[in-house]
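The numbering of the sequence shown is full-length UniProt numbering, which starts it at 1 and goes up by one. See below for the structure under consideration.
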Amino acid sequence: MHTDGTHAHDEDPNYFEVAGWEERYAGADSVWSGKPNPQLVAEASGLRPGTALDVGCGEGGDVIWLAQQGWQVTGADFAAGGLARAARHAEQAGVADRTQWWQVDVRQFDAGGRSYDLVTSHFLHLPDGGMVDAVGRLAGAVAPGGHLLVVGHSPAAHFAELSEAKRRAMFLAADLVPGLPSGFEVLVAEQRPRTVVRDGVSIDIDDSTLLARRLLA
Numbered sequence: 001m002h003t004d005g006t007h008a009h010d011e012d013p014n015y016f017e018v019a020g021w022e023e024r025y026a027g028a029d030s031v032w033s034g035k036p037n038p039q040l041v042a043e044a045s046g047l048r049p050g051t052a053l054d055v056g057c058g059e060g061g062d063v064i065w066l067a068q069q070g071w072q073v074t075g076a077d078f079a080a081g082g083l084a085r086a087a088r089h090a091e092q093a094g095v096a097d098r099t100q101w102w103q104v105d106v107r108q109f110d111a112g113g114r115s116y117d118l119v120t121s122h123f124l125h126l127p128d129g130g131m132v133d134a135v136g137r138l139a140g141a142v143a144p145g146g147h148l149l150v151v152g153h154s155p156a157a158h159f160a161e162l163s164e165a166k167r168r169a170m171f172l173a174a175d176l177v178p179g180l181p182s183g184f185e186v187l188v189a190e191q192r193p194r195t196v197v198r199d200g201v202s203i204d205i206d207d208s209t210l211l212a213r214r215l216l217a
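Right, here's the structure in full:
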């Protein structure tokens, strides 16, 4: 369901389902780099730390970075294996006391009255443009005055052997704006180009970046 680009070309019939990700996390090797995503660093570095929710947190790289900056962070993912790894990594990084974990599928996500100063999701992709609706659900968890940051891959990304289903799951930042409920101010809705290296090969990608703030009234 989510990818930072290192595995975007893989063919996997269970890519959008829990079973596929549990299988990935059952292996011995790390799936992700453990480094925070660059647009999170770019945008959250200027925010006053408070409470944060990272949806699609995987092995917890972004959660740990936020906790290290002084945030109290909840990491959410639909794969128990990813959350178990994330909790271990948080313990190893010395931020277990600033982190907690929530197993939830963003397709059924309901904040349930919880609210956060920052809700963030990076490289979470749902079938057939489903991230537009997900943005509305995630926005419901943003506290007044808080921020929503959603980042993903552009469908124009130059990944080799990318399936059509995965390409349809990708989005431009502007595609997500209609998913925002009323009461939000769009601060950023743009494509941010960068280069990643996979197996020694440089790949040019765009980070589709949406940053919005919930108004106080």
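For glycine and all other residues, C-beta sits at the position ideal for the given N, C-alpha and C. Predicted model, so just to flag it, every value in this text is computed and none were measured.
Counted within 10 angstroms of its Cβ, other Cβ atoms place residue i as buried (16 or more) or exposed
{"i": "A26", "result": "exposed"}
{"i": "K166", "result": "buried"}
{"i": "V201", "result": "exposed"}
{"i": "R48", "result": "exposed"}
{"i": "P178", "result": "exposed"}
{"i": "A217", "result": "exposed"}
{"i": "Q103", "result": "exposed"}
{"i": "F16", "result": "buried"}
{"i": "G56", "result": "buried"}
Heavy atom of the ligand MG within 7 Å of residue i beta-carbon
{"i": "E17", "result": "Although the ligand MG was asked about, the structure shown includes no ligands whatsoever."}
Residue i and residue j closer than 8 Å at C-beta
{"i": "T99", "j": "D62", "result": "no"}
{"i": "E185", "j": "T209", "result": "no"}
{"i": "S182", "j": "M170", "result": "no"}
{"i": "A86", "j": "G75", "result": "yes"}
{"i": "R107", "j": "L126", "result": "yes"}
{"i": "residue 239", "j": "N14", "result": "Only positions 1 to 217 of the chain appear in this structure, which leaves residue 239 out of reach."}
One or two residues paired with residue i in a DSSP bridge
{"i": "W101", "result": "G75"}
{"i": "A189", "result": "L210"}
{"i": "H153", "result": "D207"}
Cβ-Cβ separation, residue j to residue i (assumed contact under 8 Å), whole Å
{"i": "L172", "j": "L211", "result": "Going by Cβ atoms, the distance from L172 to L211 rounds to 14 Å, so no, they are not a contact pair."}
{"i": "Q72", "j": "T51", "result": "5 Å"}
{"i": "G152", "j": "L124", "result": "7 Å"}
{"i": "F109", "j": "L138", "result": "7 Å"}
{"i": "A141", "j": "L53", "result": "6 Å"}
Any C-beta of chain C under 8 Å from that of residue i
{"i": "V119", "result": "Here chain C cannot be found, since the structure has a single protein chain."}
Cut-off 8 Å between Cβ atoms - residues of its own chain near residue i, not counting five sequence neighbours on either side
{"i": "H89", "result": "G34, E59, G60, G61, I64"}
Close beta carbons around residue i, own chain, < 7 Å, minus the five adjacent residues each side
{"i": "V95", "result": "I64, A67, Q68"}
{"i": "V135", "result": "V150, L176, G179, L180"}
{"i": "A79", "result": "V18, W21, E22, Y25"}
{"i": "D133", "result": "G179"}
Beta-carbon contacts of residue i that lie in its chain and below 6 Å, excluding the five residues immediately before and after
{"i": "D117", "result": "G50, T51, A143, G146"}
{"i": "D207", "result": "Q39, V151, R192"}
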